[in-house]
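Under the working numbering, the residues of the sequence shown are numbered 8 to 289, in order.
The structure under discussion appears below in the form of structure tokens.
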Amino acid sequence: MPFAIGGVQFTPLPSSAPTLAPGTNLQVVYQIWAPAADPRENLGKKLDVEYAFGRPAAPGSATKVKDEISREQFDAAGSLVTGKKLRLEQQSSGSYILNVTVNNPETRRGGFATMNFKVLDAPSPPEPWDVLEPGIAQDAEKGILDQQRGLSYWALGQFDEARAWFRRALQLDHSNDVARSRLVDAYFSKKDYAAVVSLFSDAGVTETTDSETLLRIATSMEKRGNAPEAISILEKALLSRPEEGPFYLALAQYYTEIGNPRKAADLTQKGKSLLIEEPAKP
8 MPFAIGGVQF
18 TPLPSSAPTL
28 APGTNLQVVY
38 QIWAPAADPR
48 ENLGKKLDVE
58 YAFGRPAAPG
68 SATKVKDEIS
78 REQFDAAGSL
88 VTGKKLRLEQ
98 QSSGSYILNV
108 TVNNPETRRG
118 GFATMNFKVL
128 DAPSPPEPWD
138 VLEPGIAQDA
148 EKGILDQQRG
158 LSYWALGQFD
168 EARAWFRRAL
178 QLDHSNDVAR
188 SRLVDAYFSK
198 KDYAAVVSLF
208 SDAGVTETTD
218 SETLLRIATS
228 MEKRGNAPEA
238 ISILEKALLS
248 RPEEGPFYLA
258 LAQYYTEIGN
268 PRKAADLTQK
278 GKSLLIEEPA
288 KP
């Protein structure tokens with residue numbers, strides 16, 4: 008992924024060696040680390056740098072470029088980001104190795120790094136480019152990408168993997184009813200009522216949670232011996248969807264369990280009346 012350091016943004020190269028055309032420039036950016044120190048201690052001091060590049064199969068073909076770097080560029084944390092544009096004027100086609108050596112003339116200590124690249128007599132490949140789409144980052148932050156991965160696993164029948172991704176999605180956004188309904192469905196089908204109750208305790212429900220999911224959560228509450236909470240869930244849901252006949256029938260069962268048969272009878276009658284099919288319109 009792209010990253011930024013020292014005010015410079017980097018897009019890492021792919022694992023394959025970059026390919027350039029003769030006469031173009033090889034632009035190298037790298038970072039040097041040193042022990043943290045007061046930047047004032049580096050005033051007027053330099054580092055010696057040598058860039059050497061050539062073809063391993065052609066001894067004596069190396070090109071060397073010497074340079075100096077001011078140590079005043081180090082920040083207080085001991086980091087320095089720099090680079091060099093190397094002209095590929097006389098280089099023929101082939102595979103090359105670039106060696107960058109940095110030495111401190113005071114301590115005579117240094118370090119080096121290498122990279123591979125190719126020069127080919129062919130049109131230059133297109134420049135790398137980044138897709139900067141804020142929506143992708145927003146989807147990641149809200150768990151949409153995790154939800155999509157969960158749906159993919161679900162479609163493949165890999166339900167254990169799907170549950171893990173749905174749970175991640177719901178943790179990031181408690182209003183994600185798609186992830187919630189799939190998780191409740193998965194746990195309920197396995198009669199894992201404790202998992203359904205735990206999920207409700209962690210993420211709750213929303214006004215748009217589908218009726219089947221609400222019924223399964225309420226049933227799980229009742230199975231775990233908490234009929235009052237099951238009643239509370241469905242009665243709150245009825246405020247926004249008063250025509251849900253199955254809610255009334257489920258409530259009737261719960262009120263019977265807590266010892267209120269009169270209330271249960273009224274709810275049963277109400278539920279059955281809503282479940283009667285309306286006459287077909289001519």
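Note that the Cβ used here is the ideal one computed from N, Cα and C, for glycine as well.
If you're wondering where the values come from, they're calculated on a predicted model, not measured in any experiment.
- For the pair T31 and L95, the CB atoms are nearer than the 8 Å cut-off.
- The alpha carbon of R156 has as its nearest neighbour, out of Q145, P29, E168, the alpha carbon of E168.
- In the DSSP assignment, D55 falls within the unbroken beta strand (DSSP E) covering 53-61.
- Of L179, E264, A28, the smallest CA-CA separation from T226 is found for E264.
- Residue state for K92 is assigned as strand, using DSSP reduced to three classes.
- When Cβ pairs closer than 8 Å are counted between the two stretches, the segment 143-162 is seen not to touch the segment 112-127, the count staying below three.
- Runs of the alpha helix (DSSP H) lying entirely within the segment 169-222, each at least 4 residues long, are 184-196, 200-210 in chain order.
- For A24, the secondary structure class from DSSP, reduced to helix, strand or coil, is coil.
- Residue pairing by DSSP puts L33 in a beta bridge opposite L93.
- At a Cβ-Cβ threshold of 8 Å, T89 and N106 do not count as neighbours.
- Apart from sequence neighbours up to five positions away, the residues of its chain that approach G278 with a beta-carbon distance below 6 Å are G252, Y255, L256, ordered along the chain.
- Counting the other Cβ atoms within 10 Å of the Cβ of L163 gives fewer than 16, which makes it exposed.
- Judged by DSSP secondary structure, I104 falls within the beta strand (DSSP E) whose first and last residues are 101-111.
- For V72, the number of other beta carbons within 10 angstroms of its own is below 16, and it is reported as exposed.
- In the DSSP assignment, the residues bridged to E75 are D55.
- Around the C-beta of E229, 16 or more other C-beta atoms lie within 10 Å, and the residue is accordingly described as buried.
- Taking the Cα positions, V109 is about 12 Å away from R78.
- A buried status is given to Q98, since no fewer than 16 other beta-carbon atoms sit within 10 Å of its beta-carbon.
- Looking from the CA of G118, the closest CA among A237, L246, Y37 belongs to Y37.
- A direct Cα-to-Cα measurement between W161 and A210 gives close to 21 Å.
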